[in-house]
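Novice:
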Amino acid sequence: MKSGLHPPHGMRIPEVLLSQPQPPTQEQLDAYIRTRLALAGVDLDLLPTQPDPATGVPTRDQALRSLRSFVATVPGAIAGWAPPVSGAPAAAYAQQAAPPLLYPSITEAWTGKADAR
Amino acid sequence: MSRAVNRRIFLAGSAAVTGAVVSGTALAPPAAAVSPVSSKSSRSPEPYVPDLDAAGIEVRDAARRDPTEATLAEAAVLMSRRKLTSTALVEAYLDRIGTYDSTYQAYAEVTGETALAAARAADRSGGRRGVLSGIPLCVKDNYFTRGVPTRCNSLIFADFVPNHDATAVARLTAAGGIVLGKGQMGPLATTRATTPNGTVTTVNAWTPDNPATDPGGSSTGPACAVAGRMASSSIGTQTGGSIVLPSNRQNLTGLKPTMGRVSAYGVIPLSYTRDHPGPLARDAMDAALMLAVMAGPDAHDPRTLGLPGLPDLVRAATPVAGRGGAVRMRRATRIGVPADFLNSATEVRKAFLDRIDAISGVTLVDITYPADWPLLTGMFNDARLSERTEPFRHWLREDPALFGVSLLSWLQGLMLSGDEWITAQRAKNHLLREVLDGVLSRCDVLLQTGPVPFDILGLPEIAFPIGFTAGLPSGVILGGAPYEEDRLLEVAAAYQAVTDWHTRRPADPAAPAASGPGAKRAAGAGRPRLTAEEAAAQSA
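Here it is, written out as structure tokens:
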């Protein structure tokens, strides 16, 4: 936790402050990416180190650079969202809101709502 | 129009239709006319035969002079009046393919001999097989076609020859359609059509000499084949705009139906929850005819089961005249206009709004998006990437170079966790309610400034031409409520009844000195290439 975020003694730490770890370094991101790929069985070393015009496939460096940018932005943006609710604590009510739907339009039909329009 | 259905009624209806067909009763309206494709039966779906005379199809002089100019509906009428044979039509298209496709590069595979044999059979049958009897079609190369290479423009499928047709293809051919060939596409349905290494192949039919012009993707070849008069109509798939965008770019009418309307069985997946099969056609009527044949329940794809019946799309695509002969809307229709609609193609869009607002029954409604729209339709769009990774893990492990220039988005899909993906599905529900209970409570259909929001939600969209900007076609995308493709067709048909943008065709390219693969390679020399980063950024 950053030193400036320490609360006064005895004060309950707001949840939002607890959930702000240090952003990972580039080395940590690279290690995470390589580890995730390895766990999925994907070998980044199968990619060329130099551009390969025949296949157009990105080099290892290109792939790492792209994935670093992706990992640093997209997952956090998605994980940081919760459906807007009224009531406190909001996290408890957000659990009940907008149940995940794989196929929203189809669900609309299967629940009969498409008929009502 | 009631969409009421429940599973019991649906199943009873299917059984009744099957009985009617077996006993030789005249075929019923569209929703019931195509019987389900049973997983336990090899029986083909029954053909759909609408009454085109009742639809008032008038054949233009240009179509009488040149069959490749004819719309699908015009060609069907000409054949029913014995003014045109399927053989002549297929030969005319094959002539154009032989002359111009080394420049267009719309086709990945041409099945000329098979198509000609099918055309001769159609002529012998007297056109009784269905509404598409004898009609040559281009099929995007991610649809399985039995015995015909299906490469999805990827090294992964370089040698893949399916042993069965995709359900949509089976329905089209059962209705008499003839597969003229496989349409070139973005690698694995991602970008505009390029070779797997990113070199541009298919051009925009309106600028055949300038491959830098965006032809739209990823159904680039199917769009170019129809725009360049090398097929009567075509089918593509849409995950992130891949039907409506090439339609807009190449002056076509493309219809992305509601998720589940058309079976995706036998379509190589890109993002399973968002892959929508649908037609790219010459006008609203052609799109209606194609979708009416393609749509319907399929036991192989449970998403197609238990849905509202298909409305009468041919009726919806038939314009209505009021007193005095002026075109009016079939139903009073509120068209939503989002605040940013005029931010691009301003002049042509203003003219479009003026013209459509003048049609009796249209009301334009200003629409403001909800505050979280940019986030939920922007960054959340990337949640689809996990879906494309999952069915491709085998090849990612085996040799990632097989993905060529398209690899990055498949790797990105591995970087989202399960909980984040579930959050994105929760956001879909939230966004759906914002659209249906918010935006679409104030209007019946909504003009789109991009296809992605309704792709995320699986809602229907239609694209149609509205003019030209700097010599290139300009179009709009209209989105609608679930299973209300008829409403979209009604708007497009009314607009096309009072304008002629959709009848404009591009000039032919200069005929190359030679034809065949060598000519194709020569024409492809010097074409631009996409980088891996561009491919990821532009991916559907």
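The listed protein sequences derive, respectively, from chains A and B. First residue of the first sequence: 10, per this note's numbering; consecutive thereafter. First residue of the second sequence: 581, per this note's numbering; consecutive thereafter. Cβ coordinates follow ideal geometry from the N, Cα and C atoms, glycine included.
(1) Could you compute how far the alpha carbon of B:Thr793 sits from the alpha carbon of A:Thr120?
(2) What residue ranges within the stretch 678-748 of chain B form continuous alpha helix (DSSP H) runs of no fewer than 4 residues, ordered along the chain?
(3) Can you grab the Cα-Cα spacing for the pair B:Leu890 / B:Ala872, in whole Å?
(4) Would the beta-carbon of B:Glu654 fall within 8 angstroms of that of B:Arg645?
(5) By Cβ distance, which residues of its chain are closer than 6 angstroms to B:Asn961, with the 5 residues on each side in sequence left out?
(6) Under 8 angstroms between beta-carbons, which chain B residues line up against A:Ser75? List them in chain order, please.
(7) Does the contact criterion of 3 or more C-beta pairs under 8 angstroms hold for the stretch 887-901 of chain B versus the stretch 913-922 of chain B?
(8) So the candidates are B:Gly998, B:Gly1059, B:Ser813, B:Arg709; which of them puts its Cα closest to the Cα of A:Ala88?
(9) Where does B:Ala613 land, buried or exposed, given buried means 16+ other C-beta within 10 angstroms?
(10) Report the partner residues of B:Gly816 according to the DSSP bridge assignment.
(11) Quick one: is B:Val985 near chain A, going by C-beta distance under 8 angstroms?
(12) Determine, using beta carbons only, whether A:Ala118 comes closer than 8 angstroms to chain B.
(13) Span of the beta strand (DSSP E) holding B:Asp946?
(14) Should B:Ser1144 be labelled buried (16 or more other beta-carbon atoms within 10 Å of its own) or exposed?
(15) Within the stretch 912-936 of chain B, note down every full beta strand (DSSP E) run reaching 3 residues or more, in order along the chain.
(16) Counting only runs of 3+ residues fully inside the stretch 998-1063 of chain B, write out the beta strand (DSSP E) ranges in chain order.
(17) Out of B:Pro1040, B:Gly1047, B:Ala879, which has the shortest C-alpha to C-alpha gap to B:Tyr845?
(18) By DSSP's criteria, B:Asp881 is part of a beta bridge. Which residues make up the other side?
(19) Please compile the residues from chain B whose C-beta is within a distance smaller than 9 angstroms of the C-beta of A:Arg69.
(20) From the DSSP output, in three-state form, read off A:Ala63 for me.
(21) Could you tell me whether any Cβ in chain A is nearer than 8 angstroms to the Cβ of B:Leu997?
(22) List the DSSP bridge partners of B:Gly834.
(23) Taking 8 angstroms as the threshold (beta carbon to beta carbon), is A:Ser95 in contact with chain B?
(24) Name the chain A residues whose beta carbon is nearer than 7 angstroms to that of B:Gln1028?
(25) Name the two residues that bound the continuous alpha helix (DSSP H) containing A:Ile42.
(26) Can you confirm whether A:Ala72, when its beta carbon is compared against all beta carbons of chain B, has any partner nearer than 8 angstroms?
(27) If we define contact as Cβ-Cβ less than 8 angstroms, is B:Pro1108 a contact residue for chain A?
(28) Please tell me whether A:Arg43 has its Cβ less than 8 angstroms away from any Cβ of chain B.
(29) By the DSSP assignment, the alpha helix (DSSP H) with B:Val1078 in it spans what residues?
(30) Counting only C-beta atoms, is B:Arg929 closer than 8 angstroms to chain A at any point?
(31) What would DSSP say about B:Met909, mapped onto helix, strand or coil?
(32) Looking at chain B, which residues of the stretch 43-58 of chain A have a Cβ within less than 7 angstroms of any of its Cβ atoms?
(33) Helix, strand or coil for B:Gly1098? Go by DSSP, reduced to three states.
(34) In whole angstroms, what is the alpha-carbon distance linking B:Ile815 and B:Tyr687?
(35) Do three or more CB pairs link the stretch 1011-1030 of chain B to the stretch 852-865 of chain B at distances below 8 angstroms?
(36) By DSSP, does A:Leu110 sit in helix, in strand, or in coil?
Specialist: If we stick to the structure as given:
(1) For the purposes of this step, residue 793 of chain B is identified with residue 213 of the second sequence, where counting begins at 1. For the purposes of this step, residue 120 of chain A is identified with residue 111 of the first sequence, where counting begins at 1. When rounded, the distance between both Cα atoms is 44 angstroms.
(2) 692-705
(3) By 1-based counting over the second sequence, the position of residue 890 of chain B is 310. By 1-based counting over the second sequence, the position of residue 872 of chain B is 292. Using only the alpha carbons, I get a separation of about 8 angstroms.
(4) Indexing the second sequence from 1 puts residue 654 of chain B at position 74. Indexing the second sequence from 1 puts residue 645 of chain B at position 65. Their beta carbons are not under 8 angstroms apart, which means B:Glu654 does not touch B:Arg645 by this criterion.
(5) Here residue 961 of chain B refers to the residue found at position 381 when the second sequence is read from its first residue. The residues are Val1032.
(6) Taking the first residue of the first sequence as 1, we reach residue 75 of chain A at position 66. In chain order: Leu988, Leu991, Gln992, Ala1112, Glu1113, Ala1116.
(7) no
(8) Locating residue 88 of chain A in the first sequence gives position 79, counting from the first residue. Nearest option by C-alpha distance: B:Gly998.
(9) Counting from 1 along the second sequence, the entry for residue 613 of chain B is found at position 33. For B:Ala613, the predicted model reports a pLDDT of 34, less than 50, meaning its position is unreliable; a value from the coordinates is still stated below. Buried, because 16 or more other Cβ atoms sit within 10 Å of the Cβ of B:Ala613.
(10) Residue 816 of chain B sits at position 236 when you count from the first residue of the second sequence. B:Gly858, per the DSSP bridge assignment.
(11) Within the second sequence, the letter at position 405 stands for residue 985 of chain B. Interface residue, yes.
(12) Numbered from its first residue, the first sequence carries residue 118 of chain A at position 109. It does: the Cβ of A:Ala118 has a partner Cβ on chain B nearer than 8 angstroms.
(13) For the purposes of this step, residue 946 of chain B is taken as the residue at position 366 of the second sequence. 940-947 is the span of the beta strand (DSSP E), which, as asked, contains B:Asp946.
(14) There is no way to answer for residue 1144 of chain B, as the model of chain B reaches only from 581 to 1120.
(15) none
(16) 1025-1028, 1041-1049, 1052-1060
(17) Locating residue 845 of chain B in the second sequence gives position 265, where the first residue counts as 1. Minimum Cα distance to B:Tyr845 is reached at B:Ala879.
(18) In the second sequence, the residue the question calls residue 881 of chain B occupies position 301. B:Asp878.
(19) On the first sequence, position 60 is the one that residue 69 of chain A refers to. In chain order: nothing, as chain B lies at least about 10 angstroms away.
(20) Numbered from 1 along the first sequence, position 54 holds the residue referred to as residue 63 of chain A. The answer is coil: DSSP assigns A:Ala63 none of H, G, I, E or B.
(21) Locating residue 997 of chain B in the second sequence gives position 417, where the first residue counts as 1. According to the sequence provided, residue 997 of chain B is Ser. The question's Leu does not apply to it. Yes, its Cβ sits closer than 8 angstroms to a Cβ of chain A.
(22) Locating residue 834 of chain B in the second sequence gives position 254, counting from the first residue. B:Leu860, B:Ala1043.
(23) Sequence index remark: in the first sequence, residue 95 of chain A carries index 86 (1-based). Chain B, which has no Cβ nearer than 8 angstroms to the Cβ of A:Ser95, makes this no.
(24) Position 448 of the second sequence, counted from the first residue, corresponds to residue 1028 of chain B. Within 7 angstroms Cβ-Cβ: nothing; B:Gln1028 doesn't reach chain A, min ~15 angstroms.
(25) Locating residue 42 of chain A in the first sequence gives position 33, counting from the first residue. Unbroken alpha helix (DSSP H) run through A:Ile42: 35-48.
(26) Position 63 of the first sequence, counted from the first residue, corresponds to residue 72 of chain A. Yes, A:Ala72 counts as interfacial toward chain B.
(27) Taking the first residue of the second sequence as 1, we reach residue 1108 of chain B at position 528. No, B:Pro1108 does not count as interfacial toward chain A.
(28) Here residue 43 of chain A refers to the residue found at position 34 of the first sequence. No - not a single Cβ of chain B is within 8 angstroms of the one on A:Arg43.
(29) Mapped onto the second sequence, residue 1078 of chain B falls at position 498. Element bounds for B:Val1078: 1065-1078.
(30) In the second sequence, the residue the question calls residue 929 of chain B occupies position 349. No, no contact with chain A.
(31) On the second sequence, position 329 is the one that residue 909 of chain B refers to. In the structure shown, B:Met909 sits in a strand (DSSP, three-state: E or B).
(32) Arg45, Leu46, Ala49, Gly50, Val51, Leu55, Leu56
(33) Residue mapping note: residue 1098 of chain B aligns to position 518 of the second sequence, counting from 1. Of the three classes helix, strand and coil, the one that applies to B:Gly1098 here is helix, per DSSP.
(34) Here residue 815 of chain B refers to the residue found at position 235 of the second sequence. Here residue 687 of chain B refers to the residue found at position 107 of the second sequence. Looking at the two C-alpha atoms, the distance is approximately 13 angstroms.
(35) no
(36) Along the first sequence, read from residue 1 onward, the residue named residue 110 of chain A stands at position 101. Of the three classes helix, strand and coil, the one that applies to A:Leu110 here is coil, per DSSP.
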